[in-house]
Amino acid sequence: MSDRRLAVIGILAFFAAACGLADPTPSLAPGESVQAEDPECRPIDILGPSGTGVVLTGVWRSNDFGVYDLHQTGSCLYWLGMSQYSGEEPGSSWTTVFSGILQSDFTIVGRWADVPFNPDIPADSLGRGTMTLRIGFDQSGEVERPVLRVANVTGGFGGSAWVLEESLAPAIELDGTFGGNVDPLFQTGCAWIESNGQRYELIGGEGWEVRGDSPLRLEDGRGHVIARVDDPLRIRGRVSEALGTNCVETAILVEELGPP
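Numbering follows the numbering used here, with no gaps: position 105 of the sequence shown is 111.
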């Protein structure tokens, strides 16, 4: 078992206990027995629009440049999320855990917290709060893909949508032009490639970063400019409508990019 998987198991077990979702073993009276499973984790079925059962356990990708290991047991859901920025080991910038309960209305209500997986992360930068997720389905094409979206959150959590990695479409290549927009006050926005009249928001990737200051540009992580707005760009990645933000409906999880 990998060191990362061991870390996932240890952190999730600790967080579940700390949040009161897994009780310590009680003292027993004569003749009493210990219940093997948490009574909160009741059996529950998640059915997609086609009636197919859905299990949320697996590796998910998010629009916050993170990779998330989810573990569902009955109505209980736990995750370990790690940043996956270009040129960094997973979890170098942030690591977050979540523990929640699946409701009958397809929402998951729980609590999240940042954890100091990387000892260099200052303790005063760690956030925590409550979160309500809603399970939806991306039915583009003939494949029914589960999607998680934030319905309500406190504490300043970054991500807002997740897709199951194994359900993502095969990688494609696009030729187009680089573009984007940015809020000059908050230095936030999004960047995209425009190809054949459609825009795809750039999500994740290795060896590049979007600089949000003006003028918007794409850099290789060492300060070298790959593209400025309206420059030609070639990209390889996997498309997901579920990860698109308000500025661009369709996102592309970038695997490679560069000049054509």
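Yeah, the Cβ is synthetic: ideal placement off N, Cα and C, and Gly gets one too.
Computed from a predicted model, the values in this text were never measured in an experiment.
Length of the line joining the Cα atoms of residue i and residue j
i, j, result
"residue 63", "residue 130", "31 Å"
"residue 199", "residue 80", "40 Å"
"residue 256", "residue 245", "7 Å"
"residue 192", "residue 224", "Reliability of the predicted coordinates at residue 192 is poor, the pLDDT of 44 falling under 50, and the value obtained from them is presented with this limitation in mind. Roughly 19 Å separates the two Cα atoms."
"residue 138", "residue 217", "31 Å"
"residue 230", "residue 95", "21 Å"
"residue 232", "residue 240", "11 Å"
"residue 39", "residue 106", "Residue placement at residue 39 cannot be trusted, given a pLDDT of 37 that sits under 50; what the coordinates show is reported in the next sentence. Going by the C-alpha atoms only, they are around 27 Å apart."
"residue 27", "residue 160", "Any reading at residue 27 must be qualified, since the residue scores a pLDDT of 43, below 50, and its modelled position is unreliable; no value is offered."
"residue 74", "residue 172", "13 Å"
"residue 122", "residue 76", "19 Å"
"residue 29", "residue 185", "Low local confidence applies: a pLDDT of 39 at residue 29 is under 50, so the model's placement there is unreliable, and no value is given."
"residue 48", "residue 111", "15 Å"
"residue 72", "residue 247", "17 Å"
"residue 234", "residue 228", "16 Å"
"residue 98", "residue 128", "12 Å"
"residue 202", "residue 249", "20 Å"
"residue 117", "residue 262", "35 Å"
"residue 254", "residue 204", "9 Å"
"residue 56", "residue 142", "13 Å"
"residue 113", "residue 46", "15 Å"
"residue 251", "residue 158", "16 Å"
"residue 162", "residue 175", "30 Å"
"residue 238", "residue 166", "29 Å"
"residue 58", "residue 65", "20 Å"
"residue 88", "residue 124", "10 Å"
Residue i vs residue j beta-carbon contact at 8 Å
i, j, result
"residue 214", "residue 67", "no"
"residue 183", "residue 226", "no"
"residue 50", "residue 108", "yes"
"residue 151", "residue 170", "yes"
"residue 207", "residue 258", "yes"
"residue 260", "residue 222", "no"
"residue 70", "residue 135", "no"
"residue 210", "residue 90", "yes"
"residue 61", "residue 53", "no"
"residue 120", "residue 101", "yes"
In DSSP terms, what residue i is bridged to
i, result
"residue 103", "86, 119"
"residue 154", "141, 168"
"residue 79", "82"
"residue 214", "Answer by DSSP bridge pairing: none, since residue 214 is not bridged."
"residue 204", "201"
"residue 184", "199"
"residue 74", "66, 87"
"residue 262", "242"
"residue 48", "Looking at the DSSP assignment, residue 48 forms no beta bridge with any residue, so it has no partner."
"residue 136", "117"
"residue 108", "114"
"residue 179", "242"
"residue 224", "216, 233"
Contact belief for residue i with residue j at Cβ below 8 Å, rounded distance in angstroms
i, j, result
"residue 144", "residue 156", "Incorrect: roughly 16 Å between the Cβ atoms, too far for contact."
"residue 243", "residue 177", "6 Å"
"residue 103", "residue 86", "6 Å"
"residue 181", "residue 266", "5 Å"
Which ranges would you report for the beta strand (DSSP E) in the region 226-260 if only whole runs of at least 3 residues count?
231-234, 238-246
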